[in-house]
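Asker:
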């Protein structure tokens, strides 16, 4: 489905009044939906939840504040099936939807089975993923399952764990449809892994999930139609994001140090990715740096021979480490000595797709003996970026 | 005696064509007695193995903030990139083209024309899984110190300890992590347990635990450790594991599995379904050590029965795959088709996991799921042999396959606590019936 005009979160940008108003509007509209769902933003480091429905909060026992900003991993625990996690990870990487049974944990620590249905939300113009919507339908299995076992000890109840469940209960009010409190402790310890391996949702639960996804998407779509033009306003931000898939951005988001990726295939080699730490270091906002050439960090006292040296290395496709005076946009507009390492980064075809620039503020170089050397840390960023880019098969250049 | 000829992989720049190296006091800064004095290397000691390593006691880790690039990962990547930029590798692996082969399984193909150049084929004995260490052949005490990244220690402390410049103590043989100068992916390293003890390529409990520990400590599901036994394409008879980064799932990891048995310690053993190489998956257990020990027991059993095998430690040490294989044996007996042999692809642990490193452009261009499958299927034991081998393994681990007694019915109904049936009176080679179980399938 194509929903928005641009690759931009509908939740997180709050610089312009109209936008935050619209964001408010959409949150209210979504809040009226009875479903349990979350919306995540892959373009924020850590791929966090940016919206959680009231139903979801009720189901998990968390408050909104506790959930916003968390990664979906937050709700998993020791008995969460590893295979389901792998499948979800793959679906995110491949930007496709997935429906899978998943065991999650409430705030109280009690585990529960639910049907996890996730779907990517694409921008209309460039076809990029901007969000993932994940609906969670609790699976009404365990009480049933248990009752059967307790009463009859019948073998057939075992089949229940993998067989399609019959539909029971009224799903219309599924918000409080949690008859399956699994919080007796004996559940945890005495059943071993087996009972936790798989739990198939009923057909009606599956339909429920699809319906919920569709409802959420249609609200998002309506919102976009009302506000599309506005969201579309920031072109040069888009230009930056052009080349990067959401999966690459998620991988890069794991790297907590200051770095940027620049694209040598675009005119003037603009920045296409800037890490959070880079923004902290330089004091700029993301949309101020995306699409820019790195030279905006230079100033009158920057040594031009160093800039020339860097340019030469880039032209030759080589790595280099330089020390360069940079100008920040921090409150005090201070300058800082940047120990900068630049390396070409190849994509899966073996071609240079980006240059990575890793910044270490010279004055902050720690000398503590129990830490990695700053040079090693710096090179580890280069390595992590290489792994992320190489594995991202959707790179276009 | 069964032998095959193959081009050995050059893992170190100090590896000569299997000629005994005479030079001593060699001035090349190796790990031999000649050079070791005063040698220093970073030491990474991971935190004490928690009793509840694999099955966390804590229900939810509430500090579930996305961790920064983990410490060990930074060390591996940073030191590896350093050696990369110093030009120690035989080629730039990131310049090797790679792709996912279209199809249902997602085999990954890489074209690597540089890996096998400049080497002549050597004879390898493939009918003995256990062979004595031979100090005259190439081994890791002969590598240059610049190829070593750090010392790795299973720590005693509750916290990770790191010493950037720790003397190598020849009295207390350190486990080291070294680069593989012929990498098959970024970050390809070798873990060499107690390098100075000159252990032959043979799984023991302590070393496997160290390997599992490293996988867990790396804390990245895309960093797996692998092992090849002799006869299953290990070329160096000096105990070592391999590891590298590939940020996608291996087809082996995606294969559906069917539970066979759970040990007393809660280790669940499953067999893989619809995968070309018949394999076992070990997971769970009350601790990481339980899991590792169950696999070690199985490996020791395979070694004693002279059955070649490969191991893949995946999902941060939570899952361990064990793949007995017979490709080299078939090859030595002339039972492998010439077309397969011509590709010169050896089904070692990475290939069996689904990462095919191809040497010829035509094989890469024409890579298909069928081709990959055909090669791997050749490495697999037959169904009958696999059953025999499983029987040996289950006996060694001390658990019989419950399906034997309860054919066609389910196991964990009888045994909700996961406790194990201790009966293991099966004799070697006795096939196990495991036909029509209704055990839950974990589908893809």
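Protein chains in written order, with the UniProt record's numbering: chain A, 1 to 397; chain B, 1 to 444. Even for Gly, the Cβ is constructed at its ideal location relative to N, Cα and C.
Could you check where the alpha helix (DSSP H) with residue 254 of chain B kicks off and where it finishes?
Answerer: It spans 251 to 254 - the alpha helix (DSSP H) in which residue 254 of chain B sits, taken as one unbroken run.
Asker: Out of B/317, B/274, B/271, state which residue places its alpha-carbon closest to the alpha-carbon of residue 293 of chain B.
Answerer: B/317
Asker: Leaving out five residues before and five after residue 253 of chain B in sequence, what residues of the same chain have Cβ atoms less than 6 Å from its Cβ?
Answerer: 314
Asker: Report the rounded CA-to-CA distance for residue 231 of chain B versus residue 107 of chain B, giving the unit in angstroms.
Answerer: 24 Å
Asker: Please report whether the beta-carbon of residue 82 of chain B lies at a distance below 8 Å from any beta-carbon of chain A.
Answerer: Interface residue (Cβ-Cβ distance to chain A less than 8 Å): residue 82 of chain B is classified as such.
Asker: Under the three-state reduction of DSSP, which class applies to residue 307 of chain A: helix, strand or coil?
Answerer: helix
Asker: By how many angstroms is the C-alpha of residue 5 of chain B removed from the C-alpha of residue 254 of chain A?
Answerer: 44 Å
Asker: Straight-line CA distance for residue 152 of chain B to residue 289 of chain B?
Answerer: 18 Å
Asker: Reducing DSSP to helix, strand and coil, say where residue 123 of chain B ends up.
Answerer: strand
Asker: Would you call the CB atoms of residue 107 of chain A and residue 61 of chain A closer than 8 Å?
Answerer: yes
Asker: What's the gap between the Cα of residue 380 of chain B and the Cα of residue 41 of chain B?
Answerer: 41 Å
Asker: So residue 448 of chain B and residue 186 of chain B are in contact, right, with Cβ under 8 Å, and what is the actual spacing, rounded?
Answerer: Here chain B comprises residues numbered 1 to 444, so residue 448 of chain B is not present and cannot be evaluated.
Asker: Taking CB distances under 8 Å as the criterion, tell me whether residue 247 of chain B reaches chain A.
Answerer: yes
Asker: Listing by chain order, which chain B residues have their CB less than 8 Å from the CB of residue 262 of chain A?
Answerer: Within 8 Å Cβ-Cβ: nothing; residue 262 of chain A doesn't reach chain B, min ~17 Å.
Asker: Can you tell me which of B/364, B/238, B/164, B/310 puts its alpha carbon nearest to the alpha carbon of residue 376 of chain A?
Answerer: Per the Cα distances, B/164.
Asker: If we cut at 8 Å on Cβ distances, does residue 67 of chain A have a partner in chain B?
Answerer: no
Asker: Report the three-state DSSP secondary structure of residue 379 of chain A (helix, strand or coil).
Answerer: It is helical.
Asker: Candidates B/249, B/328, B/12, B/9: which alpha carbon is nearest residue 128 of chain B's?
Answerer: Comparing Cα-Cα distances from residue 128 of chain B to each of B/249, B/328, B/12, B/9, the minimum goes to B/328.
Asker: If we cut at 8 Å on Cβ distances, does residue 423 of chain B have a partner in chain A?
Answerer: Confidence in residue 423 of chain B is poor, its pLDDT being 38 and thus under 50, which makes the residue's placement too unreliable to answer from.
Asker: Just checking my contact of residue 89 of chain B with residue 183 of chain B at CB under 8 Å: how many whole Å lie between their CB atoms?
Answerer: 6 Å
Asker: Could you please give the first and the last residue of the uninterrupted alpha helix (DSSP H) stretch that includes residue 289 of chain B?
Answerer: 288 to 304
Asker: Sort out for me which residues DSSP pairs residue 361 of chain A with in a bridge.
Answerer: A/338.
Asker: Going along the stretch 349 to 368 of chain B in order, which residues come within less than 8 Å of chain A, judged by CB to CB distance?
Answerer: none
Asker: So the candidates are B/295, B/286, B/277, B/285; which of them puts its Cα closest to the Cα of residue 323 of chain B?
Answerer: B/277
Asker: Is there at least one Cβ from chain B nearer than 8 Å to residue 387 of chain A's Cβ?
Answerer: yes
Asker: How long is the line joining the alpha carbons of residue 171 of chain B and residue 243 of chain B, rounded to whole angstroms?
Answerer: 27 Å
Asker: Give the secondary structure of residue 344 of chain A by DSSP, where H, G and I count as helix, E and B as strand, and everything else as coil.
Answerer: Per DSSP, reduced to three states, the secondary structure at residue 344 of chain A is strand.
Asker: Roughly how many angstroms separate the alpha carbons of residue 384 of chain A and residue 345 of chain A, rounded to a whole number?
Answerer: 11 Å
Asker: Given that residue 75 of chain B touches chain A, what residues does it touch there, using C-beta distances under 8 Å?
Answerer: Simply 372, 376, 380.
Asker: Where do the N-terminal and C-terminal ends of the alpha helix (DSSP H) with residue 287 of chain A fall, by residue?
Answerer: 286 to 289
Asker: Determine, for residue 86 of chain A, whether the minimum Cβ-Cβ distance to residues of chain B falls below 8 Å.
Answerer: Yes, residue 86 of chain A counts as interfacial toward chain B.
Asker: Just checking: is the beta-carbon of residue 298 of chain B within a distance shorter than 8 Å of some beta-carbon in chain A?
Answerer: no
Asker: Cα-Cα, which of B/377, B/393, B/400, B/372 is closest to residue 110 of chain B?
Answerer: B/372
Asker: So, at 7 Å on beta carbons, what are the nonlocal neighbours of residue 139 of chain A in its own chain, with the 5 sequence-adjacent residues on each side left out?
Answerer: Closer than 7 Å at Cβ, skipping near neighbours: 101, 113, 114, 115, 199, 201, 205.
Asker: Would a check of beta-carbon distances place residue 33 of chain B closer than 8 Å to chain A?
Answerer: No, residue 33 of chain B lies away from the interface with chain A (no Cβ there is under 8 Å from its Cβ).
Asker: Would you call residue 142 of chain B buried or exposed, if buried means 16 or more other Cβ atoms sit within 10 Å of its Cβ?
Answerer: buried
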